[in-house]
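Reminder that position 60 of the sequence shown reads as 59 in numbering that gives the first Met the number 0, one-by-one numbering, no gaps.
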Amino acid sequence: MTSGGKLNPLQAIMDIRHYTLALDVDIEQQQINGYTSIDLLLSQATDTLLFDLVHLLTVKKITVNKKDAAFFQKDDHIFITGPKIFQPGKQTVKIEYGGQPPVAVKPPWKGGFTWTKDQHGNPWVVINCQLEGAKVYFPCKDHPSDEPNEGADLLITVPNGLTVAGPGLLQGVTKKKNKTTFHWKTNYTISNYCILFDIAKYKVVNSEYTTIEGNNVPVMFYVLEEDTAYAAHVIELRKRDTRILEKYFGEYPWIKEKIGIAQVPNPGMEHQTMITYGDRFTYKKVNGQDYSDNLFHEFGHEWWANKVTNKDWAHMWIQEGINTYAEGLF
Ligand SMILES: [Zn+2]
Numbered sequence: 000m001t002s003g004g005k006l007n008p009l010q011a012i013m014d015i016r017h018y019t020l021a022l023d024v025d026i027e028q029q030q031i032n033g034y035t036s037i038d039l040l041l042s043q044a045t046d047t048l049l050f051d052l053v054h055l056l057t058v059k060k061i062t063v064n065k066k067d068a069a070f071f072q073k074d075d076h077i078f079i080t081g082p083k084i085f086q087p088g089k090q091t092v093k094i095e096y097g098g099q100p101p102v103a104v105k106p107p108w109k110g111g112f113t114w115t116k117d118q119h120g121n122p123w124v125v126i127n128c129q130l131e132g133a134k135v136y137f138p139c140k141d142h143p144s145d146e147p148n149e150g151a152d153l154l155i156t157v158p159n160g161l162t163v164a165g166p167g168l169l170q171g172v173t174k175k176k177n178k179t180t181f182h183w184k185t186n187y188t189i190s191n192y193c194i195l196f197d198i199a200k201y202k203v204v205n206s207e208y209t210t211i212e213g214n215n216v217p218v219m220f221y222v223l224e225e226d227t228a229y230a231a232h233v234i235e236l237r238k239r240d241t242r243i244l245e246k247y248f249g250e251y252p253w254i255k256e257k258i259g260i261a262q263v264p265n266p267g268m269e270h271q272t273m274i275t276y277g278d279r280f281t282y283k284k285v286n287g288q289d290y291s292d293n294l295f296h297e298f299g300h301e302w303w304a305n306k307v308t309n310k311d312w313a314h315m316w317i318q319e320g321i322n323t324y325a326e327g328l329f
């Protein structure tokens, strides 16, 4: 199961504008249930719309522009077949679905969901899907060449007492009985594999960074409550590393949102504006200063991978190569 490759003609005629994900996460059952709403522009008329979604998740209902649509699932695809021809222009497709998403084999390299617990037994749930693609948990055009131009909204519902970390800025937190919904929103274009969330008993440690161009950007570290004591040093290193990366590559790319870090139980990944970190607060010394490969490398991907993104995985060497060179610049 991979994303990218040769673009299917049915997907070559669609330009994804925006994704909205609304999912209830059932931690006991290791299930997700809800919907994804996709805004897209069709460049020509078609009798079929094609999306990607792992076969383990079951689609219950689909509407196109609020009208019920016929569909079937085959392998990791959803084919939407009418009732009528879909005309060029804007289409809004809402897909209700749910089930048990795949479990990560070796995150972040072999991805999926990781359902684990912190040292105090609190749930800790994270997602990784760089190469598998976001179809491991939401219906999408799973190709690195098409980022949603207007970003994404995530409405993630979890049991009370847990916190959801996500991309962009937190719009609101609403409680209903024993559940809490976190609404994260990014207005920037974003790779599918970065439209993700992490769930834990997080404490949010806040700071602020002034960019090389003089803009103030919030710095937010979603750290396990039990590891709060380590947070200040990580933030200090993140600010130092930002200064170095800005010197060589220009201003931090997402100044209207945040510099985010989320602690996860696996080596980190470049999840845009919420870079994950799983180094257990260990450092090596470089010229007498604390340095973490994981912290620095994944953050460098904000410039190379997130701002400058490969259209095809065959070009991944550009972002990995320049970003590895950045480590040398440090
Ligand atoms: Zn990398």
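By construction, the Cβ of each residue, glycine as well, lies at the ideal position given by its N, Cα and C atoms.
{"query": "Residues near T275 in its chain [Cβ-Cβ closer than 6 Å; skip 5 each side]", "result": "A261, V263, G267, M268"}
{"query": "Top-ranked residue by Cα proximity to K116, from K5, W312, E27", "result": "E27"}
{"query": "Proximity winner among N191, E256, D289, relative to W1 (alpha-carbon distances)", "result": "Contrary to the premise, residue 1 reads as Thr rather than Trp in this sequence. Taking only the C-alpha atoms, the option nearest T1 is N191."}
{"query": "heavy atom of ligand 1 below 7 Å from E319 C-beta", "result": "yes"}
{"query": "Delimiting residues of the beta strand (DSSP E) encompassing Y276", "result": "274-276"}
{"query": "Check whether P100 and V24 have beta carbons under 8 Å apart", "result": "no"}
{"query": "Whole beta strand (DSSP E) elements within the segment 50-113, 3-residue minimum", "result": "56-63, 70-73, 76-79, 88-98"}
{"query": "Coarse secondary structure for M219, derived from DSSP in three states", "result": "strand"}
{"query": "Segment limits, alpha helix (DSSP H) that includes G327", "result": "315-328"}
{"query": "beta-carbon H142 near ligand 1 non-hydrogen atom, thresh 7 Å", "result": "no"}
{"query": "Distance, P252 Cα to E212 Cα", "result": "11 Å"}
{"query": "At least 3 beta-carbon pairs within less than 8 Å: the segment 11-19 vs the segment 37-52", "result": "yes"}
{"query": "H296 Cβ short of 7 Å to ligand 1 heavy atom set", "result": "yes"}
{"query": "Member of T185, D141, V204, T209 whose CA lies at the smallest distance from the CA of A228", "result": "V204"}
{"query": "Expected contact under 8 Å - CB spacing of P166 and T185 to nearest Å", "result": "4 Å"}
{"query": "For P107 and V307, the rounded distance between their alpha carbons", "result": "21 Å"}
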